[in-house]
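Student: Below is the structure I would like to discuss, written out as structure tokens.
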Amino acid sequence: MTEAHPFAAPIRHDWTVDEVVAIHDLPFFALMDRARGVHRAHHVDGEVQLCTLLSVKTGGCPEDCAYCPQSSHHDTSTSPEKMLDVDGVLEAADRAKAAGSTRFCMGAAWREVKDGPAFDRVLDMVRGVKERGLEACVTLGMLTEEQAKKLKDAGLDAYNHNLDTSREHYRSIISTRTYDQRLVTLRNVRKAGITVCSGGIIGMGESVRDRAAMLVELARLTPHPESVPINALVRVAGTPLESLPPLDPVEFVRMIATARIVFPKSMVRLSAGRTDLSREAQMMCLYVGANSIFYGDKLLTTPNPEADEDTALIRDAGLSARKPSVGMAEAAAEE
């Protein structure tokens, strides 16, 4: 019988906020050691998945999310644009694959999916991305069970729909959609057999307890989300949160480490806000359990490190990019 890894962690759906706060507030090196151990027990050490995120419909969103430059409620430099055509998106997918990405994500600035030509175009995009041997992910806002089924039938692997923050702090960030509506969309995605990608944003004026409460809410989902993206607020001029102070990089590392411990088998994705992190801070995030980064010069409309910077980061950290032939990491998250 193979001896169990000493840091192998059970899948738990009964975390309390106090427990998660206690983990988050461990002495920094103790937290790093514990998260690193959990990561090595459940994932291929030294491997990171490269993902590309493309905005296929930019701007003009009717939601009032306080962090988002695409909201029609805010006066930002992001103007509404026409939806991209299928051929243009698939050309971008080809470039992403050639650059080493194995997961291609497409986002539309919609409050909710509406049946019709635009949604049909997204379905064609998903089919084309899958034909290229890439994992396909979309983020389109709220959707119904039937729409989720259509995405599944088109071959969609994952649906991103973040909780953003805790239920308590949420009301100060968004008023045009309820927290429970987000959870309904996640249930519809799961029911269709699509993997769930859901995380949040830190640095929006929330407390550590808010951060912990968000993780607890996600951990209650059965099964856990296969992907948990952790974002740092990108302070965009014209949004209500533009004047908030920058996030301390150590706080970002703590959040990544805490997410790794709470979600032992999930992919923890180092997402928006990396341009404000030093190379050393990003390496610490990868060390404590982030096993995916978004690759390319933009995340929807906000800046991202240049591809050559990320190539150097991965090389200098002694890591390697996941190969396309490797099966979906989400399979490892099965309970």
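To get our numbering, take the position in the sequence shown, counting from 1, and add 37. By construction, the Cβ of each residue, glycine as well, lies at the ideal position given by its N, Cα and C atoms.
Could you round the C-beta distance between G275 and P106 to whole angstroms and report it? I think they count as a contact, below 8 Å.
Tutor: As a working note, residue 275 is residue 238 in the sequence shown. As a working note, residue 106 is residue 69 in the sequence shown. Yes, G275 and P106 are in contact; Cβ-Cβ is about 7 Å, under 8 Å.
Student: List the whole-angstrom C-beta distance separating L281 from I293, where the pair is believed to meet the contact cut-off of C-beta under 8 Å.
Tutor: What you label residue 281 is simply residue 244 of the sequence shown in a count that begins at 1. What you label residue 293 is simply residue 256 of the sequence shown in a count that begins at 1. Not confirmed; about 20 Å, so no contact.
Student: Which partner residues does Y196 have in the DSSP bridge list?
Tutor: Residue 196 sits at position 159 when you count from the first residue of the sequence shown. The partner list for Y196 (beta bridge, DSSP) reads V175 and V233.
Student: Report yes if the C-beta distance between G144 and T176 is below 8 Å; otherwise report no.
Tutor: For the purposes of this step, residue 144 is taken as residue 107 along the sequence shown, with counting starting at 1. For the purposes of this step, residue 176 is taken as residue 139 along the sequence shown, with counting starting at 1. Against a cut-off of 8 Å, the Cβ pair of T176 and G144 comes out as a contact.
Student: On the CB-based measure, 16 or more other CB atoms within 10 Å of its CB, does R359 come out buried or exposed?
Tutor: Your numbering for residue 359 matches position 322 in the sequence shown. Burial call: buried.
Student: Could you give the first and the last residue of the continuous alpha helix (DSSP H) run that contains L160?
Tutor: Position 123 of the sequence shown, counting from 1, holds the residue named residue 160. Its alpha helix (DSSP H) spans residues P154 to E168.
Student: Taking only three categories from DSSP, how would you classify T202?
Tutor: As a position in the sequence shown, residue 202 is number 165, starting the count at 1. Reduced to three states, the DSSP call for T202 is coil.
Student: Whose C-alpha, out of P47, F331 and D353, is nearest the C-alpha of G137?
Tutor: As a first step, residue 137 must be located in the sequence shown, where it is residue number 100. If we check each option's Cα against that of G137, F331 comes out closest.
Student: Can you look up C322 in the DSSP assignment and give me helix, strand or coil?
Tutor: Translated into the one-based positions of the sequence shown, residue 322 becomes position 285. Helix, per DSSP.
Student: Thinking just about the alpha-carbon of each residue, which of L200, H42 and M69 is nearest to the one in S264?
Tutor: Reading the sequence shown from its first residue, position 227 is the one you call residue 264. Measuring from the Cα of S264, the nearest candidate turns out to be L200.
Student: Just checking, does the segment 285-302 make contact with the segment 314-333 on the three C-beta pairs under 8 Å criterion?
Tutor: Yes, since at least three Cβ pairs between the segment 285-302 and the segment 314-333 fall closer than 8 Å, the two stretches touch.
Student: Would you be able to state if there are at least three C-beta pairs under 8 Å between the segment 202-218 and the segment 255-273?
Tutor: No, the segment 255-273 is not in contact with the segment 202-218.
Student: Using the Cβ count rule (16 or more neighbours within 10 Å means buried), how would you classify K119?
Tutor: Here the question's residue 119 lines up with position 82 in the sequence shown. Flag for K119 reads exposed.
Student: Taking A229 and I267 to be in contact with their CB atoms under 8 Å, please state how far apart those CB atoms are, rounded to whole angstroms.
Tutor: Mapped onto the sequence shown, residue 229 falls at position 192. Mapped onto the sequence shown, residue 267 falls at position 230. That pair is no contact at about 25 Å.
Student: Grab the span of the beta strand (DSSP E) containing V93 for me, first residue to last.
Tutor: Translated into positions along the sequence shown, residue 93 becomes position 56. Note, V93: beta strand (DSSP E), E84 to K94.
Student: Heavy atom of the ligand NAP less than 7 Å from the Cβ of P260, yes or no?
Tutor: This structure lacks the ligand NAP, and indeed carries no ligand of any kind.
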